[in-house]
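Engineer:
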Amino acid sequence: MPLPAQLVEDPINSLIQRCPDMRTLRQIHAHFLKSPLSSSLYALSKILAFSALSAAGDIAYARRLFAQIPNPNVFSWNSMIRGCSLVSEPSKEPIFLYKQMLRSGFAYPNSFTLAFVLKGCSIISAFFEGIQVHCHAFKYGLDSSPFVQTGLLNFYAKCEEIASARSVFAEIPDKNLVVWSVIIGGCARVGLVNEALELFREMQEFGVAPDEITMVSVISACAKAGALDLGRWLHAFIDRKGIQLDLKLSTALIDMYAKCGMIEKARELFDKMEVRDTMAWSSMIVGLAIHGHVKDALELFKAMLDSQVKPNHVTFIGVLSACAHSGLVKDGRRYWSTMKKLGIEPLMEHYGCMIDLLCRAGLLDEAYSFINDMPIVPNSVIWRTLLVGCKNNRSFNEVENAAEQLLQLEPLNAENYVLLSNLYASRCQWEKVSYMRKKMKDHGVRVIPGCSSTEIDGFVHEFTVADDTHPEIEKIREVLRDIAERVRRAGHEPWTSAVLHDVVEEEKESALCEHSERLAIAYGLLKTKAPVAIRVVKNLRVCGDCHEVTKVISRVYGREIIVRDRVRFHRFVNGTCSCNDFW
DNA sequence: GTAGGGTTAG
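Numbering that gives the first Met the number 0 puts the first residue of the first sequence at 0, with every later residue one more than the last.
(1) Nearest to residue 382 by alpha carbon, out of 348, 393 and 360?
(2) May I ask which residues mark the beginning and end of the alpha helix (DSSP H) holding residue 413?
(3) Is it buried or exposed, residue 71, if we count other Cβ atoms within 10 angstroms and call 16 or more buried?
(4) Buried or exposed: residue 199, going by 16 or more other Cβ atoms within 10 Å of its Cβ?
(5) When the distance is taken between beta carbons, is residue 261 closer than 8 Å to residue 233?
(6) In this structure, does DSSP put residue 292 in helix, strand or coil?
(7) Indicate whether the contact test is met: 3 or more Cβ pairs, each with one atom in the region 46-61 and one in the region 71-83, closer than 8 Å.
(8) Please look up how many angstroms separate the CB atoms of residue 225 and residue 258, rounded, as I've assumed it's under 8 Å.
(9) Which of helix, strand or coil does DSSP assign to residue 442?
(10) Measuring only the C-alpha atoms, how far is residue 29 from residue 86?
(11) Candidates 343, 313 and 273: which alpha carbon is nearest residue 284's?
(12) At which residue ranges does the region 159-230 contain complete alpha helix (DSSP H) runs of 4 or more residues, listed in the order of the chain?
(13) Short of 7 Å in beta carbon distance, which residues of its chain neighbour residue 247, apart from the five on each side in sequence? Order them along the chain.
(14) Which value, in whole angstroms, describes the spacing of the CA atoms of residue 103 and residue 167?
(15) Drop a sphere of 10 angstroms on the beta-carbon of residue 496, count the other beta-carbons inside from all chains shown, and report buried for 16 or more, exposed for fewer.
(16) Look up residue 37 in the DSSP assignment and say whether it is helix, strand or coil.
(17) Give every residue of the same chain whose Cβ lies closer than 6 Å to the Cβ of residue 111, excluding the five residues on either side of it in the sequence, and list them in chain order.
(18) By the DSSP assignment, the alpha helix (DSSP H) with residue 330 in it spans what residues?
(19) Spatial neighbours of residue 543 within its chain, please: C-beta separation below 7 Å, excluding the five flanking residues on both sides.
(20) Quick one: Cα of residue 212 to Cα of residue 180, how far?
(21) To the nearest whole angstrom, what separates the beta carbons of residue 174 and residue 205, a pair I think is in contact under 8 Å?
(22) Looking only at C-alpha atoms, which of 136, 342 and 62 sits nearest to residue 50?
(23) Tell me the start and end of each unbroken alpha helix (DSSP H) in the region 73-101 that is at least 4 residues and wholly inside, in chain order.
(24) Using a threshold of 8 Å, state whether the C-beta atoms of residue 253 and residue 282 are closer than that.
(25) With a threshold of 7 Å on Cβ separation, who are the neighbours of residue 346 within its own chain once the five nearest residues in sequence on each side are excluded?
(26) Count Cβ pairs between the region 329-339 and the region 368-376 that sit closer than 8 Å; are there 3 or more?
(27) To the nearest angstrom, how far is the alpha carbon of residue 328 from that of residue 286?
(28) Should residue 318 be listed as close to the ligand ZN, given that the test is whether its C-beta is under 7 Å from any heavy atom?
(29) Buried or exposed: residue 443, going by 16 or more other Cβ atoms within 10 Å of its Cβ?
(30) State the Cα-Cα distance for the pair residue 195 and residue 418, rounded to the nearest angstrom.
(31) Within a Cβ cutoff of 7 Å, which residues of the same chain sit near residue 537, ignoring the five residues on either side of it in sequence?
(32) Grab me the residues of residue 405's own chain with a C-beta within less than 7 Å of its C-beta, minus the 5 sequence neighbours each way, in chain order.
(33) What span of residues does the alpha helix (DSSP H) with residue 58 cover, start to end?
(34) I need the straight-line Cα distance from residue 407 to residue 210, nearest angstrom please.
(35) Rounding to the nearest angstrom, what Cα-Cα distance links residue 454 and residue 255 in this structure?
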């Protein structure tokens, strides 16, 4: 007489619960196959679940096992769908499995199935498949399951379909911590910073206390907005509420402080970290590179390698851009081969850094061959980088070809016409200048005035190109003229951050506080006005020490001044672009 | 019997 199922399944179950590795699992599997009830689907499902889901599991083994099950039950399908979305290289496999399950007709999806397949869709941003799963949620009456709802919300957020995410969010009756975190993270990811911060406030009004995961999203929203005051407040909030400063939250704070100009604070946090992963190291290296602290960035990269943490593609963007900004051509080339040796396949951004590096060093021909040897099709950024380099190098003769490639790729981006127009002007090719303007007009490309803002004592001074409405505009102009004159007298042309630094230091000596305030405001104005001002800020950006100058201005002024928008000149908006370089 | 949310990028 066969043993009751309970007696066979329970030992298998308890063995699997204590199973440490696949070797043991194989033994359990063999034992199971020889046992009297080897046809028990329940026990087989447990073996499958371990292979597919456990950290010590083996998805290939799970696939082989699954293929041998004639009519898998929903639990087994779920294990496979979930297991296949946990692999390091995500694919459409979870979606294919889900479709197979529906076609099999032997198992119907439950709330677990939909939650798992939605996760699979979120990982690869499979928008059209996810929408079908949304329909299935209604069809199978699973749309009120909290896990399916959160899965849908997360899916839309990951696909950057914020309107859909918000409507799913609005329909969730009991919004828990996870639901709030997903919507806040979704808004932060697409740059809807104010919305993210507003939701964070609302969440607390609803009596839901944030945890470290929520805080990562909110802090990253601050980093994107350059909202230092709020970021610091949130840091204090984390301390006050005893929220755990784990690896990811520390990294988010480092990124926020670096992006908001407080690189020392970022470094302090980084140095205090007991465990650092690739992202933590990369954030700090990129932060130092943005601030122009090239030596520190490269030293830190060496320390990273010494601590056996593997760098990734983002780390190398930091390292290569640091080299580009300080003219370290030889080092840049060395890091490029290190990257390849480590098996990191260069992405478009890495090629961009290398071309930038060569152009800044005046090696235009080499940059051009580098582009021609690229194994991937160069994008507009690559051609633009080369053309920016052409502006400072008149001996380079491949401008026409590069210009053609650029305009073919992006015929509606005003920035390109402006760049080419200025490039031809610098070569006194006036016919081409007017041709560019005509072409731009023919394409109906409009320029949206660029703007920037400077915050002093909580008051935001905003400046837009050709806008004279600031109440102190005349006095500000006076300061600008004064600076320009002093720079001209000093014989510095074009301006560099070092020159502005000297001017501001001089200002400190003279202790003219009122003048200093205007200097700070003028700094905001510099970013949108006169050509010379654009050169200054461009140089600052080149040197990567925009915040360095802001800090100097802050010291003179004696209070904290924040440059908010991190010098974002060109912004592609619905086929038109914001651009400050067009007079 | 199984579940949902996190950081770095010119």
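Heads up, the beta-carbon is just placed ideally off N, CA and C, and yes, glycines get one too.
None of these values were measured; they are calculated from a predicted model.
Structural biologist: Well, looking at it:
(1) Counting from 1 along the first sequence, the entry for residue 382 is found at position 383. Per the Cα distances, 348.
(2) As a working note, residue 413 is residue 414 in the first sequence. Counting along the chain, the unbroken alpha helix (DSSP H) around residue 413 starts and ends at 413-425.
(3) Taking the first sequence and counting its residues from 1, one reaches residue 71 at position 72. Classification for residue 71: buried.
(4) Mapped onto the first sequence, residue 199 falls at position 200. Burial call: buried.
(5) Counted from its first residue, the first sequence places residue 233 at position 234. Counted from its first residue, the first sequence places residue 261 at position 262. No, the pair does not count as a contact, with Cβ atoms beyond the cut-off.
(6) For the purposes of this step, residue 292 is identified with residue 293 of the first sequence, where counting begins at 1. Coil at residue 292, not helix or strand.
(7) The region 46-61, when compared against the region 71-83, does touch it at the 8 Å Cβ threshold.
(8) For the purposes of this step, residue 225 is identified with residue 226 of the first sequence, where counting begins at 1. For the purposes of this step, residue 258 is identified with residue 259 of the first sequence, where counting begins at 1. In this structure, residue 225 and residue 258 form a Cβ contact; the two beta carbons are roughly 7 Å apart against a cut-off of 8 Å.
(9) Indexing the first sequence from 1 puts residue 442 at position 443. Correct three-state label for residue 442: coil.
(10) Looking up residue 29 in the first sequence gives position 30. Looking up residue 86 in the first sequence gives position 87. A straight-line Cα-Cα distance of about 26 Å links residue 29 and residue 86.
(11) Indexing the first sequence from 1 puts residue 284 at position 285. In this structure, 313 is the residue among 343, 313 and 273 with its C-alpha nearest to the C-alpha of residue 284.
(12) Complete alpha helix (DSSP H) runs here, min 4: 161-170, 176-188, 192-204 and 211-224.
(13) One-based indexing of the first sequence puts residue 247 at position 248. Listed in chain order, the non-local C-beta contacts of residue 247 below 7 Å within the same chain comprise 215, local neighbours out to five positions each way being set aside.
(14) On the first sequence, residue 103 is found 104 positions in, with the first residue counted as 1. On the first sequence, residue 167 is found 168 positions in, with the first residue counted as 1. The alpha-carbon separation between residue 103 and residue 167 amounts to approximately 30 Å.
(15) Within the first sequence, residue 496 is the residue found at index 497, counting from 1. For residue 496, the pLDDT reaches just 44, beneath the cut-off of 50, and the residue's location in the model is therefore unreliable, although a value from the coordinates is still provided. Result: buried.
(16) What you label residue 37 is simply residue 38 of the first sequence in a count that begins at 1. Coil.
(17) Taking the first residue of the first sequence as 1, we reach residue 111 at position 112. Answer for residue 111: 77, listed in chain order.
(18) By 1-based counting over the first sequence, the position of residue 330 is 331. Boundaries of the alpha helix (DSSP H) around residue 330: 328-340.
(19) The count along the first sequence starts at 1 and reaches residue 543 at position 544. Residue placement at residue 543 is poorly supported in this model, since its pLDDT is 34, which falls under 50; the coordinates are not used for a value here.
(20) The residue given as residue 212 occupies position 213 in the first sequence. The residue given as residue 180 occupies position 181 in the first sequence. In a straight line, the C-alpha of residue 212 is about 7 Å away from that of residue 180.
(21) Residue 174 sits at position 175 when you count from the first residue of the first sequence. Residue 205 sits at position 206 when you count from the first residue of the first sequence. That belief holds up - the Cβ atoms of residue 174 and residue 205 are roughly 7 Å apart, short of 8 Å.
(22) Counted from its first residue, the first sequence places residue 50 at position 51. For residue 50, the closest C-alpha among the options 136, 342 and 62 is that of 62.
(23) Unbroken alpha helix (DSSP H) runs of no fewer than 4 residues, entirely contained in the region 73-101, are found at 73-84, following chain order.
(24) On the first sequence, position 254 is the one that residue 253 refers to. On the first sequence, position 283 is the one that residue 282 refers to. Going by C-beta atoms, residue 253 is nearer than 8 Å to residue 282.
(25) Taking the first sequence and counting its residues from 1, one reaches residue 346 at position 347. Same-chain partners within the cutoff: 312.
(26) Output reads no: the region 368-376 does not touch the region 329-339.
(27) Within the first sequence, residue 328 is the residue found at index 329, counting from 1. Within the first sequence, residue 286 is the residue found at index 287, counting from 1. Roughly 21 Å separates the two Cα atoms.
(28) Because no ligand of any kind appears in the structure shown, any question about the ligand ZN cannot be addressed here.
(29) Here residue 443 corresponds to residue number 444 of the first sequence, with the count starting at 1. Under the 10 Å beta carbon count, residue 443 is surrounded by fewer than 16 other beta carbons and is classified as exposed.
(30) Within the first sequence, the letter at position 196 stands for residue 195. Within the first sequence, the letter at position 419 stands for residue 418. So the alpha carbons of these two residues sit roughly 35 Å apart.
(31) To locate residue 537, count along the first sequence from 1; it is residue 538. A caution first: residue 537 carries a pLDDT of 34, below 50, which makes its placement in the model unreliable, though a value can still be read off. Answer for residue 537: no residue qualifies.
(32) For the purposes of this step, residue 405 is taken as residue 406 along the first sequence, with counting starting at 1. Counting only Cβ-Cβ distances below 7 Å, and skipping sequence neighbours, we find 379, 382, 383, 386 and 415.
(33) Residue mapping note: residue 58 aligns to position 59 of the first sequence, counting from 1. Residue 58 -> alpha helix (DSSP H) spans 58-66.
(34) Mapped onto the first sequence, residue 407 falls at position 408. Mapped onto the first sequence, residue 210 falls at position 211. One C-alpha to the other measures close to 48 Å.
(35) Indexing the first sequence from 1 puts residue 454 at position 455. Indexing the first sequence from 1 puts residue 255 at position 256. Since pLDDT at residue 454 reaches only 47, below the 50 mark, its modelled position is unreliable, and the value read off the structure follows with that caveat. Residue 255 has its alpha-carbon roughly 17 Å from the corresponding atom of residue 454.
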